[in-house]
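Some notes on the structure that comes next.
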Amino acid sequence: MADAIIEVVGPEDLPVIAQLYNQIFRPARDLDSFKRRFRGRYNILQLVARVKDRPVGFFIGFELKPMVFFAWFYGVIPDCRRQGIASQLMEAVHSWARQNDYESLRFECHNQHRPMLHLAIALEYDIVGIRWDPDRAENLVIFEKVLN
Ligand SMILES: CC(C)(COP(=O)(O)OP(=O)(O)OC[C@H]1O[C@@H](n2cnc3c(N)ncnc32)[C@H](O)[C@@H]1OP(=O)(O)O)[C@@H](O)C(=O)NCCC(=O)NCCS
115 MADAIIEVVG PEDLPVIAQL YNQIFRPARD LDSFKRRFRG RYNILQLVAR
165 VKDRPVGFFI GFELKPMVFF AWFYGVIPDC RRQGIASQLM EAVHSWARQN
215 DYESLRFECH NQHRPMLHLA IALEYDIVGI RWDPDRAENL VIFEKVLN
């Protein structure tokens, strides 16, 4: 296990998140595209996972509606996977969401993001639906976890 340090970071650390995102996902996104998505969002949460000070993983999310928190992205850089870092990030999100009075967490995942599908099932998320993503012309699987 990597035993990462999970930190809540502020808007000034968005460049660290964007850099991690661009090491993990394609197409790349610039800072403005994150800022645009955050506009008007409530309770934006940004987490960075570090191992020996090196940023190796991130989480970003925001409120979907009262009582439901939405996980927009989890990512861990390829050479640090299967060491429990995403699980640590998820546990940190669960505990932050409980402390902030959310009843459940939701996220959406494409079929090709297989490791995330496995992770969600491993952390006892339920599949609560599926929706057509017109942006990518693919289905998205909708996951939910009721917090207790
Ligand atoms: C999904 C992702 C965040 C998982 O990160 P990670 O730090 O490797 O995950 P963890 O080590 O915490 O995995 C915990 C459990 O999830 C499951 N899991 C994770 N990756 C898996 C894989 N490739 N195959 C099968 N099960 C997997 C396993 O049950 C694993 O436990 P185990 O290692 O004891 O078997 C990482 O693979 C990633 O960044 N992928 C690309 C980005 C992405 O798809 N993000 C999700 C879209 S929002």
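Going by our numbering, the sequence shown opens with residue 115, and the numbers climb by one from there.
All residues carry an ideal CB built from backbone N, CA and C; glycine is no exception.
Exercise for the section: Compute the Euclidean distance between the alpha carbons of F172 and L134, then round it to the nearest angstrom. Expected result: Distance between the alpha carbons of F172 and L134 is about 7 Å.
Practice task
Indicate, with yes or no, if ligand 1 has a heavy atom lying under 7 Å from the CB of R164.
Solution key: Checking every heavy atom of ligand 1 against the Cβ of R164, none is found closer than 7 Å.
Problem - Check whether L145 and V122 have beta carbons under 8 Å apart - result: No; because the gap between Cβ atoms is not below 8 Å, this pair is not in contact.
Problem - Environment of I120 [buried if 16+ CB atoms lie within 10 Å] - result: So I120 ends up on the buried side.
Problem - Sufficient close CB pairs (3 or more, under 8 Å) joining the stretch 188 to 207 to the stretch 149 to 169 - result: Judged by Cβ distances under 8 Å, the stretch 188 to 207 makes contact with the stretch 149 to 169, as three or more pairs qualify.
Problem - V190 beta carbon near ligand 1 (any heavy atom closer than 7 Å) - result: Remark: the shortest separation between the CB of V190 and any heavy atom of ligand 1 falls under 7 Å.
Handout entry: Cβ-based neighbour list, F183, same chain, cut-off 7 Å, excluding 5 preceding and 5 following
Key = Excluding residues within five positions, the ones whose Cβ falls inside 7 Å are G175, E177, A211, Y216 and L219.
Exercise for the section: List in chain order: all unbroken alpha helix (DSSP H) runs of 4+ residues lying wholly within the stretch 186 to 233. Expected result: Whole alpha helix (DSSP H) segments, 4+ residues: 199 to 213.
Practice task
Just the C-alpha distance for L128 and N262, rounded to the nearest angstrom, thanks.
Solution key: Rounded to whole angstroms, the gap between the alpha carbons of L128 and N262 is 30 Å.
Practice task
Would you mind sorting K259 into buried or exposed? The rule is 16 or more other CB atoms within 10 Å of its CB.
Solution key: Buried, by the Cβ-count rule.
Practice task
Return the chain-ordered ranges of every beta strand (DSSP E) run that is complete within the stretch 127 to 190 and spans a minimum of 3 residues.
Solution key: With a minimum length of 3 residues, the continuous beta strand (DSSP E) runs that stay inside the stretch 127 to 190 are 159 to 165, 168 to 179 and 182 to 190.
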